[in-house]
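Trainee:
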Amino acid sequence: MNIRGSICALVTPFAADGALDLAAFGRLLDYQLEGGTEGVVVAGSTGEAHMLEHEEYDRLLAFAVERVAGRIPVIAGTGEAGTAKTVALTRRAKALGADAALVVAPYYVRPTQEGLRRHFLEVAEHGGLPVLLYNVPTRTACDLLPATVALLREHPAIVGIKDALSSDERIRANAELARPDFVYLSGDDGTAAKAMLAGGAGTISVVANLVPRAFRMLCDAATAGDRLEAQRCNAALAPLVEALNCAPNPIAVKAGLPSLGLGLAAPRLPLVELEDGPDRTRLSEALAGLASLANAA
1 MNIRGSICAL VTPFAADGAL DLAAFGRLLD YQLEGGTEGV VVAGSTGEAH MLEHEEYDRL
61 LAFAVERVAG RIPVIAGTGE AGTAKTVALT RRAKALGADA ALVVAPYYVR PTQEGLRRHF
121 LEVAEHGGLP VLLYNVPTRT ACDLLPATVA LLREHPAIVG IKDALSSDER IRANAELARP
181 DFVYLSGDDG TAAKAMLAGG AGTISVVANL VPRAFRMLCD AATAGDRLEA QRCNAALAPL
241 VEALNCAPNP IAVKAGLPSL GLGLAAPRLP LVELEDGPDR TRLSEALAGL ASLANAA
């Protein structure tokens with residue numbers, strides 16, 4: 001299993017009545033495969049995992065595994081606030097055919113570094129899947145520090161980290177932890193090029209939902225060390241990345257789905273659909289401006 005490059009954190013499309021829209025999800029998966037995406041995350045934070053019922057989670061993940069059919073890794077979001085629940089969900093994801101688990105640091109409960117270390121070791125030991133650590137302090141209220149990650153990477157089932165922190169200091173620290181059996185993946189589209197040029201193996205991306213081919217071009221250039229091409233791709237993507245920051249994820253990225261025929265824009269409560277106005281206009285203009293870059297691939 002090769003987890004690297006352009007990895008899309010998939011949205012979860014819903015129908016007008018609020019039910020899962022698996023037809024739209026299938027179109028989204030096909031769009032990613034055709035655009036060169038090298039891995040997908042199902043039921044992560046972008047996929048509104050905490051708004052899914054257990055049965056919906058199972059249907060969504062099983063559908064993705066069947067549709068992808070082994071062509072690229074299918075990574076399941078399995079992080080919960082409690083360790084036992086995380087282990088159980090990781091086991092369920094394995095039974096449904098996932099290739100790896102993306103496990104976010106426990107949210108809301110604010111564990112210590114020792115608590116984080118023991119949590120992830122339990123999941124690695126008993127969950128049955130390769131584990132990607134996921135650090136996103138803006139959502140979890142705790143920070144998985146590099147010193148703790150250095151200890152965790154010694155477990156053979158812990159295969160990498162997705163870190164959404166974008167400071168130069170944290171990017172350097174994560175890059176120094178990377179090795180052949182432990183990958184560093186950026187979790188921030190805005191600084192993805194910088195992270196990959198510093199030694200990151202790829203990016204788990206939100207913007208790739210809308211422009212998979214353009215984002216694959218960025219990842220290819222940055223992971224190859226082609227600084228000029230990476231900067232060109234990054235500059236082209238920047239207006240769209242900035243437009244998606246107008247509202248909490250995945251509100252804005254879902255607003256881009258209808259124009260691509262990939263589903264409706266509405267998330268589930270307590271998230272609400274992006275209102276008409278300047279933000280939607282900027283999003284539409286940014287998508288239109290990327291057409292030339294995608295077509296050049």
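Numbering of the sequence shown is given in my numbering, commencing with residue 1 and proceeding in unit increments.
Don't be surprised by glycine CBs; every beta carbon is placed ideally from N, CA and C.
Which residue from Val207, Glu122, Asp188, Lys94 puts its Cα closest to that of Pro156?
Mentor: The shortest Cα separation from Pro156 among Val207, Glu122, Asp188, Lys94 belongs to Glu122.
Trainee: On the CB-based measure, 16 or more other CB atoms within 10 Å of its CB, does Val136 come out buried or exposed?
Mentor: Under this definition Val136 is a buried residue.
Trainee: Would Asp163 and Gly187 be called neighbours here (beta carbons separated by less than 8 Å)?
Mentor: It is a contact, given that the beta carbons lie within the stated cut-off.
Trainee: Sorted by chain position, which residues of the same chain lie with C-beta nearer than 6 Å to Gly97's C-beta, five sequence neighbours on each side aside?
Mentor: Hits under 6 Å: Val65.
Trainee: Under DSSP, the beta strand (DSSP E) around Ile204 begins and ends at which residues?
Mentor: That run of the beta strand (DSSP E) goes 202-205.
Trainee: Within its chain, find whatever has a CB closer than 7 Å to the CB of Ala265; leave out the 5 residues flanking it on each side and keep chain order.
Mentor: Result list for Ala265: Lys254, Ala255, Leu257, Pro258, Glu273, Leu274, in chain order.
Trainee: Quickly, what does DSSP pair Val131 with across the bridge? List them, please.
Mentor: For Val131, which the question treats as bridged, DSSP gives the partners Ala101, Ile158.
Trainee: From Ala105 to Val87, what distance separates their C-alpha atoms?
Mentor: Cα to Cα, Ala105 sits roughly 13 Å from Val87.
Trainee: Report the rounded CA-to-CA distance for Thr112 versus Val159, giving the unit in angstroms.
Mentor: Roughly 22 Å between the two C-alpha positions.
Trainee: Mapping the DSSP letters down to three states, classify Ser259 as helix, strand or coil.
Mentor: DSSP places Ser259 in helix when its eight states are reduced to three.
Trainee: If we ignore side chains and look at the alpha-carbon of each, how far apart do Arg216 and Leu185 end up?
Mentor: So the two alpha carbons sit approximately 14 Å from each other.
Trainee: Are the CB atoms of Thr203 and Ser6 nearer to each other than 8 Å?
Mentor: Taking 8 Å as the Cβ cut-off, Thr203 and Ser6 qualify as a contacting pair.
Trainee: Helix, strand or coil: which one does DSSP assign to Gly5?
Mentor: Looking at Gly5 - three-state DSSP - the assignment turns out to be strand.
Trainee: Please work out which residues of its chain come closer than 7 Å, Cβ to Cβ, to Gly289, disregarding the five sequence neighbours upstream and downstream, and give them in chain order.
Mentor: Pro239, listed in sequence order.
Trainee: Over what stretch of residues does the alpha helix (DSSP H) that includes Leu29 continue unbroken?
Mentor: 22-34 is the extent of the alpha helix (DSSP H) around Leu29.
Trainee: Measuring alpha carbon to alpha carbon, tell me which of Val241, Val11, Glu53 ends up nearest Leu287.
Mentor: Selected option, being the one with the closest Cα: Val241.
Trainee: Identify every residue that forms a DSSP beta bridge with Leu116.
Mentor: Looking at the DSSP assignment, Leu116 forms no beta bridge with any residue, so it has no partner.
Trainee: Kindly indicate the opening and closing residues of the beta strand (DSSP E) around Leu185.
Mentor: Counting along the chain, the beta strand (DSSP E) containing Leu185 begins and ends at 183-186.
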